[in-house]
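Here's the structure we're looking at; comments come further down.
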Amino acid sequence: MEDRSLMAIWRFATAGSLTRNGGKIEKASANDSFTLDDGSEVNRAMVGDGVVDPDGTRAKIINGSGSVNTNGSGVSFALVGSQLDNGDVIVSTPQDYALLWQLDNSPAMPADFLTPAAL
């Protein structure tokens with residue numbers, strides 16, 4: 001069996017995910033959810049969902065999983081690493097088990113992976 005090294009992981013962002021500048025995803029619009037260690041459930045965030053900054057300003061998530069993982073309408077899911085339309089980026093998520101990964105000898109992620117989408 002061939003050895004394969006893990007090159008990268010990207011966790012799915014959810015309601016409660018935080019941004020570098022202190023913003024928070026308050027409402028995630030995906031129809032699926034994850035159960036956290038404390039038993040609460042959080043929905044998965046989508047490209048186009050909003051983030052509220054500490055000063056009350058709002059921003060939208062502009063990129064995510066691309067065609068690697070989408071909902072039934074072709075909208076991609078937000079990831080830790082997704083960018084916002086105000087230049088901020090998602091840096092953490094309350095869920096710790098749902099993720100995408102890339103191995104060293106896997107095909108490259110598609111061109112639309114973490115690439116800004118037209119909203």
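FYI, the numbering for the sequence shown is 1 to 119, going by UniProt numbering.
Backbone N, C-alpha and C define an ideal beta-carbon position, used for all residues, glycine too.
Keep in mind the model is a prediction, meaning the values are calculated, not measured.
Would you mind reading off the limits of the beta strand (DSSP E) that contains residue i?
i	result
K60	R58 to K60
M7	L6 to R11
Q102	L99 to L103
V42	E41 to N43
T35	S33 to T35
S82	Unbroken run through S82: none, as it is neither H nor E.
V51	G50 to V52
Is residue i near the ligand COA, judged by its Cβ being under 7 Å from some heavy atom?
i	result
A13	Only the bare structure without any ligand can be found here, which leaves the ligand COA out of the picture.
Would you tell me roughly how many angstroms separate the C-alpha atoms of residue i and residue j, rounded to the nearest one?
i	j	result
M46	S40	19 Å
L100	D38	23 Å
F113	T35	26 Å
Count the other CB atoms, across all protein chains shown, that sit within 10 Å of the CB of residue i; report buried if there are 16 or more and exposed otherwise.
i	result
T19	buried
D96	exposed
A4	Strictly speaking, residue 4 in this sequence is Arg, with Ala absent from that position. Classification for R4: exposed.
State whether the segment 70 to 88 contacts the segment 23 to 31, with contact taken as three or more CB pairs (one from each stretch) at a distance under 8 Å. yes
Segment contact flag, the segment 96 to 111 with the segment 49 to 57, C-beta cutoff 8 Å, min 3 pairs: Taking 8 Å as the limit for Cβ pairs, the verdict is that the segment 49 to 57 does not touch the segment 96 to 111.
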